[in-house]
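Participant: Under the working numbering, the letters of the sequence shown match residues 5 to 119, in that order.
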Amino acid sequence: MGQALGRALIVEDNVLLNHLLQEMVQTLGFSVAGVVTSAEAREAIRRGGFDFMLTDLNLDHGSSGLSLAREAMLMNRALRVVIASGLPVPEELEGDIGFLQKPFTIGQLQHMMQA
5 MGQALGRALI VEDNVLLNHL LQEMVQTLGF SVAGVVTSAE AREAIRRGGF
55 DFMLTDLNLD HGSSGLSLAR EAMLMNRALR VVIASGLPVP EELEGDIGFL
105 QKPFTIGQLQ HMMQA
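Below you can see the structure in the form of structure tokens.
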């Protein structure tokens, strides 16, 4: 395999879905790290080096993917962030944060990663 298009962080507390999302993003040419808790996500974000983050809206122990997205973007202004959820688009979603309605296709994910 050639050079990766970038590094992606997958934040999803459902372990099976996390692995599926990692495979999807790898298929699109990115190197991937997956975490299942908001604490692990914050640590990975602090370490840096990510170009893209896909996070669930509702994380472990009531944590918010939207709050996590905002924190991540403060630490890395160039980070492309997409929130995925089976729930409707949150009203407080900012324009710089993408949203994917679950379930979604790999094509929809690719479009959001390139937007």
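Virtual Cβ for every residue (Gly too), placed ideally from N, Cα, C. Being a predicted model, the structure only gives us computed values, none of them experimental.
Tell me where the beta strand (DSSP E) around S68 begins and ends.
Facilitator: Segment: none, S68 is in no beta strand (DSSP E) and carries neither H nor E.
Participant: Identify, in the order they occur along the chain, each residue of the same chain with its Cβ nearer than 7 Å to the Cβ of Q112, setting aside the five sequence neighbours on each side.
Facilitator: L104
Participant: Within the continuous alpha helix (DSSP H) that includes R51, where are the two ends?
Facilitator: S42 to R51
Participant: Does at least one heavy atom of the ligand SAM sit under 6 Å from the Cβ of V19?
Facilitator: Among the components modelled here there is no ligand, and therefore nothing to report on the ligand SAM.
Participant: List the residues that DSSP assigns as beta-bridge partners of L58.
Facilitator: I14 and V86
Participant: Alpha carbons only, please: which of N18, N22, R84 and P107 is nearest the one belonging to F54?
Facilitator: The candidate whose alpha carbon is nearest that of F54 is R84.
Participant: Compute the Euclidean distance between the alpha carbons of L61 and V39, then round it to the nearest angstrom.
Facilitator: For L61 and V39, the gap between their C-alpha atoms comes out near 14 Å.
Participant: To which residues of the same chain is T31 closer than 8 Å at the C-beta, ignoring the five residues directly before and after it?
Facilitator: Cβ within range, chain order: I110.
Participant: At what residues does the beta strand (DSSP E) containing L104 begin and finish?
Facilitator: I101 to Q105
Participant: Quick one: what's got a C-beta closer than 7 Å to A76's C-beta in the same chain, skipping five residues either side?
Facilitator: I49, M57, L83 and V85
Participant: Comparing C-alpha positions only, which one of G99, A8, F108 and H65 sits nearest to A119?
Facilitator: G99
Participant: In terms of residues, what are the limits of the alpha helix (DSSP H) holding V29?
Facilitator: V19 to T31
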